[in-house]
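Using our numbering, the letters of the first sequence correspond one by one to residues 16 to 523.
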Amino acid sequence: MKKAFYLTTAIDYANGSPHLGHAYEKILADVIIRTKKLNGMPTHFVTGLDEHGQKVQQGADKEGILPKERCDRIAQEFKNLLVTLNISNDDYIRTTEPRHKNVVSSLLQDLFNRGEIYQAEYKGFYSTRAEQFLQEKDKVNGKWPEIYGDVTEITESNYFFKLSKYQDWLIKFLEESDDFIVPSFRKNQVIEFLREPLNDLCISRPKERLAWGIPLPFDKNYVTYVWFDALVNYVTAAGYGNEEFKDLWPADLHVIGKDILAPPHAVYWPIMLKASNLPLPKQILAHGWWMSSGEKMSKSTGEVVDPLSLVEQRGVDAFRYFVMREMTVGQDADFSLERFESRYKTDLGNDLGNLVSRLFHMTATYEKGVVPKVELNEEFEQKIKTNFEAAKEKALEHFNAFQFNQGLEQIFIFIRSINKYADERTPWKLAKSDLSEDRQKLKTCLGVMVESLRLAIQMIAPVMPGVHEKVNQLFGLPACENWKTALEWDFRLEGKTLGEKIILFPRD
RNA sequence: GCCAGAGUAGCUCAGCUGGUUAGAGCGCCGCACUCAUAACGCGGAGGUCGGCGGUUCAAGUCCGCCCUUUGGUACCA
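In structure tokens:
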């Protein structure tokens with residue numbers, strides 16, 4: 016069996032409700048996986064939840080409930096979001112699941128047995144109030160701020176993973192790879208980061224300080240901390256230890272935010288895998304952040320409009336279209352309600368929605384809803400077919416390079432050209448004529464428009480799966496499964512009776 | 001401080017390895033049309049491509065310096 020294209024998102028941290036950032040990453044990953052499917056690849060798409068750690072425990076303590084109860088509730092919120100956003104994930108992994116704990120234990124034990132993990136003293140400044148070690152950078156004016164309360168220097172025994180011995184190997188690997196990290200400029204940031212000598216990674220916390228975690232298999236007085244828990248989800252979900260593992264691993268693509276590229280995904284993770292004798296993922300895609308007039312968006316800034324509320328107001332497809340159209344993958348973008356409304360009204364309503372509306376209306380009134388046979392192939396027809404071929408080539412190329420904003424632009428250029436074609440042929444005038452020549456032109460025009468719209472709708476499927484299915488239903492087509500066969504200019508709908516006209520993107 | 005991204009029409013952005021009068025969408029102003037969600041189509045105004053200097057026959061496009069802005073600098077998507 017052919018290896019599936021295995022794609023993951025970062026797993027969300029179970030400490031707070033989902034916001035635009037979470038939604039965007041899922042949509043981006045979903046659009047990518049849908050394009051892979053349409054290109055004929057078998058796929059496997061996993062997302063999930065990171066549930067251990069201090070913040071989760073503290074959050075639960077504050078509410079007076081068990082960490083697991085809190086995680087269950089938050090997991091449900093995140094899962095609901097996936098449904099709302101029409102995300103087509105095949106699996107949802109939670110780090111509290113037995114399958115995950117087993118894999119973490121087994122990897123840790125193996126590394127410990129082979130001397131990749133060792134015990135040592137960790138000396139640092141500890142804040143009892145914040146329940147954490149502080150760094151020099153936490154100081155303000157050379158002093159620890161009030162919020163940390165009493166800060167004392169303590170020594171604690173912990174376990175460490177030998178990162179530093181792999182530093183040279185990693186630098187060499189990164190320098191030789193050309194598309195391991197996308198966008199490429201981020202690779203330089205990672206290599207820059209690696210210019211400083213790496214410290215070994217502290218991977219444990221004593222149980223008395225943190226109980227909510229996966230115990231170290233070789234020392235039950237400790238739990239493992241953060242990265243050996245969170246990152247390992249990618250191999251857990253690939254079925255590490257089972258038969259299916261070889262069909263999925265290595266991952267083809269990790270979709271993550273730019274904030275967790277270096278060091279976690281570009282430094283810790285490759286080294287963890289290398290030390291475990293596992294192959295590295297093929298590619299890491301680091302996306303940017305949504306900003307609000309230059310400010311990073313988060314729940315703490317108290318937005319006037321919650322972006323996610325637009326999903327309910329304008330529909331999930333409009334929302335997916337907006338974030339894909341507006342964001343240059345890898346860079347930051349601004350989220351503004353005005354931009355959203357403008358995209359909704361003009362691109363979706365006026366260009367696409369209105370085209371659907373006018374075309375189905377005309378076909379119904381002029382041809383009783385039956386797609387007529389195309390009898391002419393004059394300049395206008397040749398031109399729009401050329402437009403389609405160009406849009407197809409460019410759009411698919413952009414999609415493959417994760418440049419969805421540009422791919423969508425190409426598709427909408429084509430959609431606008433369908434409207435233009437209607438203006439050139441003026442079917443509403445032809446319909447008033449009895450001349451056989453005009454009848455022929457009318458049939459041709461409608462047939463060509465139907466074919467053009469059909470093709471545009473197939474290309475838009477990964478971004479707007481809902482609209483795609485709806486319109487395909489009116490065409491009497493099932494959801495598109497493979498672009499190769501679907502994106503052929505062949506008038507396959509000739510003679511079919513179309514469904515009734517619908518308003519795809521209503522104005523209020 | 002160091003590293004990186006961004007700085008192109010009012011707004012959001014395209015402009016690959018340097019090469020004709022710098023492009024698109026939105027917004028604005030006109031024209032036209034009436035099948036359609038008062039939608040579509042056409043035309044127009046609007047830019048010394050952040051600044052200075054350099055390389056070149058030729059530079060938003062390469063080099064240097066500077067300015068503005070965002071992010072990273074060991075655990076918030």
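Quick reminder that beta carbons are idealized off the backbone N, C-alpha and C, glycines included. Since the model is a prediction, treat every value here as computed from it, not as a measurement.
For A281 and V205, the gap between their C-alpha atoms comes out near 7 Å. Shown here, Q147 sits in a strand according to DSSP, grouped into three states.
Excluding residues up to 5 positions away in sequence, A29, V71, G74, A75, E78 lie with their Cβ nearer than 8 Å to the Cβ of R85 in the same chain. In the three-state DSSP reduction, S467 falls in the helix class (H, G or I). Bridge partners of P221 according to DSSP: Y237. In this structure, P493 sits away from D45, with a CB-CB distance that is not shorter than 9 Å.
Residue state for D65 is assigned as strand, using DSSP reduced to three classes.
Y133 sits exposed, since fewer than 16 C-beta atoms from the chains shown fall within 10 Å of its C-beta.
Within the DSSP secondary-structure output, N173 pairs in a beta bridge with A135.
The bridge partners DSSP lists for T24 are V270. Taking 3 residues as the minimum length, the beta strand (DSSP E) runs contained wholly in the stretch 162 to 213 are 166 to 176, in order along the chain.
Classified as buried, H67 has 16 or more neighbouring CB atoms from the shown chains inside 10 Å of its CB. Taking a contact as a CB-CB distance under 8 Å, the pair L43 and V331 does not count as one, their CB atoms being some 14 Å apart. Contact annotation: the stretch 21 to 37 does not touch the stretch 186 to 196, with fewer than three C-beta pairs closer than 8 Å. Take the alpha-carbon of L22 and the one of N101: they are about 17 Å apart.
Between L122 and F243, the gap from beta carbon to beta carbon is short of 9 Å. When the Cα atoms are used, D438 and A38 turn out to be separated by approximately 39 Å. Every unbroken stretch of the alpha helix (DSSP H) spanning 4 or more residues and falling wholly within the stretch 430 to 488 is given here in chain order: 442 to 445, 451 to 474. About 14 Å separates the Cβ atoms of L508 and T459, ruling out a contact at the 8 Å cut-off. When C-alpha distances from L288 are compared across D523, L126, A410, the shortest belongs to L126. Below 8 Å, too few C-beta pairs join the stretch 343 to 357 and the stretch 377 to 389 to call them touching: fewer than three.
If you check the CB distance, G139 and E161 do not come in under 9 Å. For the pair of segments examined, the stretch 244 to 260 was found to touch the stretch 99 to 116: the number of CB pairs separated by less than 8 Å reaches three. Between A410 and D262 the beta-carbon gap is near 30 Å, outside 8 Å, which marks them as no contact. Cβ-Cβ separation between L300 and Y381: approximately 47 Å, too far for a contact (criterion under 8 Å). Taken atom to atom, the span from the alpha-carbon of G55 to that of A501 is near 12 Å. DSSP lists V61 as the beta-bridge partner residues of D106. Here P294 carries a coil assignment [DSSP, helix/strand/coil].
About 15 Å separates the beta carbons of V250 and T24, which is beyond the 8 Å limit, so they are not a contact pair.
L216 sits in a strand when the DSSP states are folded into three classes. Around the beta carbon of N104, a 10 Å sphere encloses 16 or more other beta carbons of the protein chains shown; the residue is thus reported as buried. Within the same chain, and ignoring the five residues on either side of S172 in sequence, the residues whose Cβ sits closer than 7 Å to its Cβ are Q134, E136. Here D505 is not bridged, per DSSP, to any residue. The stretch 423 to 435 makes no contact with the stretch 446 to 456, as fewer than three CB pairs between them are under 8 Å.
DSSP places L126 inside the alpha helix (DSSP H), whose first and last residues are 113 to 128.
Annotation for L300: the continuous beta strand (DSSP E) segment containing it runs 299 to 302.
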